[in-house]
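The listed protein sequences derive, respectively, from chains L and F. Using the numbering used here, the first residue of the first sequence is number 104, and each one after it goes up by one. Using the numbering used here, the first residue of the second sequence is number 104, and each one after it goes up by one. From the three backbone atoms N, C-alpha and C, an ideal C-beta is built for every residue, glycine too.
There are 2 protein chains.
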Amino acid sequence: MGAVTAADRADRSPKQDRSRVTRQRLLEAAVACLAESGWAGSTVSVVAERAGVSRGAAQHHFPTREDLFTAAVEYVAEQRSTALRELPAQDRASVVAALVDLYTGPLFRAALHLWVAASNEPQLGSRVTELEARVGRETHRIAVQLLGADESRPGVRETIQGLLDMARGLGLANLLTDDGVRRERVVAQWTVLVEGALEN
Amino acid sequence: MGAVTAADRADRSPKQDRSRVTRQRLLEAAVACLAESGWAGSTVSVVAERAGVSRGAAQHHFPTREDLFTAAVEYVAEQRSTALRELPAQDRASVVAALVDLYTGPLFRAALHLWVAASNEPQLGSRVTELEARVGRETHRIAVQLLGADESRPGVRETIQGLLDMARGLGLANLLTDDGVRRERVVAQWTVLVEGALEN
């Protein structure tokens, strides 16, 4: 069962296509559900109904609740990473703004609910920890590349890590109220500080 | 029913003292419970048992679950603010470290659970939003004072806001795993950036 090749994809039967579409609909419904209702309100049944899929079909794709929601957060995180990597070359201020934007939408909200639930639910803990580490490393890699940063220079790696930590904190500050006006000013100032640190 | 004066306190009856002690025990138990078990696992009954107080006495002090847990997070936040304000004068690196420490202990964990629950529970939402704004303003005020920052200068206010946002993001990164080693390096580098911005 190696990697899927272009030939495999071309040969895919209508049945496989339907299965893939069903899977995607479930994943997208799961992220939306988690973002809106939190972990306590997010079950396989609720997501199946939202996706217009039978509960049996949902369980065929995702045997457990944990399978469904960790896969959903990972799927959407990968979509976001792909979109980021495909951004055209642009100035550092725009890159910082795009990175901060990652933490203010429904994906961050969904991931936050999963993350917080994982801190109290042992069956979720190790899976979310691993997922979070993977997504975090990938986001850091993309940030370094988009910012054109040279991590061999002292302090550069930690500057970018701190920037992503700040973006995460800004996401949290945006959870209950629209924090956009304040956020814009904070991001403008820290863009100046980060640019200075990357150029020194 | 004006402010409590020293004379009132001296006159306080043993019954009032017992009531105050009961209230404190409930508040401390509520924060510990929220930090360990999250919102779903935190009820007035669980907290009353943990505090060694009858459920009736707990409900006398806090008629609803929302009353108990918002009061608990506010109580502990005030204790932390008082402790911060009483810190002796020290260098900015120590101040930054003390500020970041605010976001890595049980208080942050408890507040995070309350915060995330509030994003899905209307009866909690407005109260937590207001509490969070109050605690946030107070933390900002203390940070400005301890860092000896002049907010009339351009960018200083946003530098400190971003620092506190970063601290919040570091707290989130510490939720599932001990992130202490990475955090120490990030804080060291951001201290350099903050010092530079405050002195320019």
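What is the C-beta distance between F/VAL64 and F/ASP268, in whole angstroms, given that I count them as a contact (C-beta under 8 angstroms)? Nothing can be reported for residue 64 of chain F: it is not among the residues displayed for chain F, which extend from 104 to 303.
Going by DSSP in three states, F/GLY211 sits in which element: helix, strand or coil? The sequence position of residue 211 of chain F within the second sequence is 108, counting from 1. According to the sequence as given, residue 211 of chain F is Phe; it is not Gly. F/PHE211: helix per DSSP, three-state reduction.
By DSSP, does F/TYR178 sit in helix, in strand, or in coil? On the second sequence, residue 178 of chain F is found 75 positions in, with the first residue counted as 1. Looking at F/TYR178 - three-state DSSP - the assignment turns out to be helix.
With the cut-off set at 8 angstroms, would you say F/VAL198 and F/LEU250 are in Cβ contact? To locate residue 198 of chain F, count along the second sequence from 1; it is residue 95. To locate residue 250 of chain F, count along the second sequence from 1; it is residue 147. Yes, they are a contact pair.
Mapping DSSP to helix, strand and coil, what is L/ALA220? Here residue 220 of chain L is taken as the residue at index 117 of the first sequence, counted from 1. Three-state DSSP puts L/ALA220 in a helix.
Proximity below 8 angstroms, CB of F/SER148 to CB of F/ARG158: Mapped onto the second sequence, residue 148 of chain F falls at position 45. Mapped onto the second sequence, residue 158 of chain F falls at position 55. Yes. Within cutoff.
DSSP three-state assignment for L/LEU279, whether helix, strand or coil: Taking the first residue of the first sequence as position 1, residue 279 of chain L is located at position 176. Coil.
Contact defined as beta carbons within less than 8 angstroms: I believe L/ILE263 pairs with L/ARG188. What is the distance between those atoms, to the nearest angstrom? Position 160 of the first sequence, counted from the start, is the residue given in the question as residue 263 of chain L. Position 85 of the first sequence, counted from the start, is the residue given in the question as residue 188 of chain L. Incorrect: roughly 16 angstroms between the Cβ atoms, too far for contact.
Cβ-based contacts, 7 angstroms cut-off: residues of the region 118-148 of chain L near chain F: SER140, GLY141, ALA143 and GLY144
Since L/SER255 meets chain F, which of its residues come closer than 8 angstroms, beta carbon to beta carbon? The count along the first sequence starts at 1 and reaches residue 255 of chain L at position 152. None at all; the shortest Cβ gap to chain F is about 15 angstroms.
For F/GLN226, collect the residues of the same chain with a Cβ closer than 7 angstroms to its Cβ; drop the 5 residues on either side in sequence, then sort them by chain order. The sequence position of residue 226 of chain F within the second sequence is 123, counting from 1. Hits under 7 angstroms: GLU169.
Counting Cβ pairs closer than 8 angstroms, one from the region 116-126 of chain F and one from the region 287-294 of chain L, do we hit at least three? Fewer than three beta-carbon pairs drawn from the region 116-126 of chain F and the region 287-294 of chain L are found closer than 8 angstroms, and the two stretches are therefore not classed as touching.
Whole angstroms are fine: how far does the CA of F/VAL156 sit from the CA of F/HIS163? Sequence index remark: in the second sequence, residue 163 of chain F carries index 60 (1-based). Sequence index remark: in the second sequence, residue 156 of chain F carries index 53 (1-based). Whole-angstrom Cα-Cα distance: 11 angstroms.
Decide yes or no for the touch test of the region 127-136 of chain F against the region 196-214 of chain L: beta carbon pairs closer than 8 angstroms, at least 3 of them. no
Against chain F, which members of the region 269-286 of chain L pass a CB distance test of less than 9 angstroms? MET269, ALA270, ARG271, GLY272, LEU273, GLY274, LEU275, ALA276, LEU278, LEU279, THR280, ARG285 and ARG286
Indicate the three-state DSSP secondary structure (helix, strand or coil) for F/ASP120 in the structure shown. By one-based count along the second sequence, residue 120 of chain F stands at place 17. In the structure shown, F/ASP120 sits in a helix (DSSP, three-state: H, G or I).
Using a Cβ cut-off of 9 angstroms, pull out every chain F residue sitting near L/THR185, in sequence order please. The sequence position of residue 185 of chain L within the first sequence is 82, counting from 1. Near L/THR185 there are no residues of chain F at all, since even the closest Cβ is about 24 angstroms away, more than 9 angstroms.
Cutting at 8 angstroms between CB atoms, please list the residues of its own chain near F/ALA300, excluding the five before and the five after it. Counting from one through the second sequence, the residue named residue 300 of chain F turns up at place 197. Excluding positions up to five away in sequence, the list reads GLY258, VAL259 and THR262.
Please report how far the alpha carbon of F/GLU287 lies from the alpha carbon of F/ALA201, in whole angstroms. For the purposes of this step, residue 287 of chain F is identified with residue 184 of the second sequence, where counting begins at 1. For the purposes of this step, residue 201 of chain F is identified with residue 98 of the second sequence, where counting begins at 1. Cα to Cα, F/GLU287 sits roughly 12 angstroms from F/ALA201.
If you reduce the DSSP assignment to three classes, tell me which class L/ALA252 lands in. The sequence position of residue 252 of chain L within the first sequence is 149, counting from 1. Note: L/ALA252 maps to coil in three-state DSSP.
Whole angstroms are fine: how far does the CA of L/THR125 sit from the CA of F/ALA220? The residue you call residue 220 of chain F lines up with position 117 of the second sequence. The residue you call residue 125 of chain L lines up with position 22 of the first sequence. Taking the straight line from one Cα to the other gives about 30 angstroms.
Beta-carbon neighbours of L/VAL219, restricted to chain F and to distances below 8 angstroms: Mapped onto the first sequence, residue 219 of chain L falls at position 116. Neighbours of L/VAL219 on chain F, chain order: GLY141, LEU215, HIS216, VAL219 and LEU278.
What does F/ALA201 reach in chain L if we use C-beta pairs closer than 7 angstroms? Counted from its first residue, the second sequence places residue 201 of chain F at position 98. Those do not exist, as F/ALA201 stays about 17 angstroms from chain L at its closest Cβ, beyond 7 angstroms.
Alpha carbon to alpha carbon, how far is F/THR242 from L/VAL203? Taking the second sequence and counting its residues from 1, one reaches residue 242 of chain F at position 139. Taking the first sequence and counting its residues from 1, one reaches residue 203 of chain L at position 100. When rounded, the distance between both Cα atoms is 23 angstroms.
Looking only at its own chain, which residues have a Cβ that is under 7 angstroms from the Cβ of F/GLU218, when we skip the five neighbours before and after it? Here residue 218 of chain F corresponds to residue number 115 of the second sequence, with the count starting at 1. Here residue 218 of chain F turns out to be Trp, not Glu, going by the sequence shown. Around F/TRP218: VAL231 and GLU235.
With distances taken Cα to Cα, identify the nearest neighbour of L/ASP194 among L/ARG123, L/ARG271 and L/GLN248. Sequence index remark: in the first sequence, residue 194 of chain L carries index 91 (1-based). Nearest C-alpha to L/ASP194: L/GLN248.
To the nearest angstrom, how far is the alpha carbon of L/GLU302 from that of L/THR207? Within the first sequence, numbered from 1, the residue matching residue 302 of chain L stands at position 199. Within the first sequence, numbered from 1, the residue matching residue 207 of chain L stands at position 104. If I take the Cα positions, the gap works out to 28 angstroms.
Taking Cβ positions only, does F/ARG188 come closer than 8 angstroms to chain L? What you label residue 188 of chain F is simply residue 85 of the second sequence in a count that begins at 1. Not closer than 8 angstroms to any Cβ of chain L, the Cβ of F/ARG188 fails to qualify, so no.
Of the listed residues F/VAL150, F/HIS216 and F/LEU273, nearest to F/LEU171 (C-alpha basis): Taking the first residue of the second sequence as 1, we reach residue 171 of chain F at position 68. Measuring from the Cα of F/LEU171, the nearest candidate turns out to be F/VAL150.
Along chain L, which residues have their Cβ under 7 angstroms away from the Cβ of F/GLY228? Looking up residue 228 of chain F in the second sequence gives position 125. Proximity of chain L to F/GLY228 at the Cβ level (cut-off 7 angstroms) is accounted for by LEU279, in chain order.
Chain L contact residues for F/ARG240, given Cβ-Cβ distances below 8 angstroms: Within the second sequence, numbered from 1, the residue matching residue 240 of chain F stands at position 137. Chain L residues near F/ARG240: none, gap ~12 angstroms exceeds 8 angstroms.
Which ranges does the alpha helix (DSSP H) cover as unbroken runs of at least 4 residues, wholly within the region 135-182 of chain F, from first to last along the chain? Complete alpha helix (DSSP H) runs here, min 4: 147-154 and 158-164.
Does any heavy atom of the ligand NAP sit closer than 7 angstroms to the C-beta of F/GLU189? For the ligand NAP, the structure offers nothing, since it holds no ligand at all.
Compute the distance between the beta-carbons of F/ALA175 and F/VAL134, then report whether it is under 8 angstroms. To locate residue 175 of chain F, count along the second sequence from 1; it is residue 72. To locate residue 134 of chain F, count along the second sequence from 1; it is residue 31. Cβ atoms of F/ALA175 and F/VAL134: closer than 8 angstroms.
Whose C-alpha, out of L/GLU233, L/SER140 and L/GLN182, is nearest the C-alpha of L/THR173? Taking the first residue of the first sequence as 1, we reach residue 173 of chain L at position 70. Checked all of L/GLU233, L/SER140 and L/GLN182; the closest Cα to L/THR173 is L/GLU233.
Element boundaries [alpha helix (DSSP H), containing L/ALA201]: Looking up residue 201 of chain L in the first sequence gives position 98. Its alpha helix (DSSP H) spans residues 195-204.
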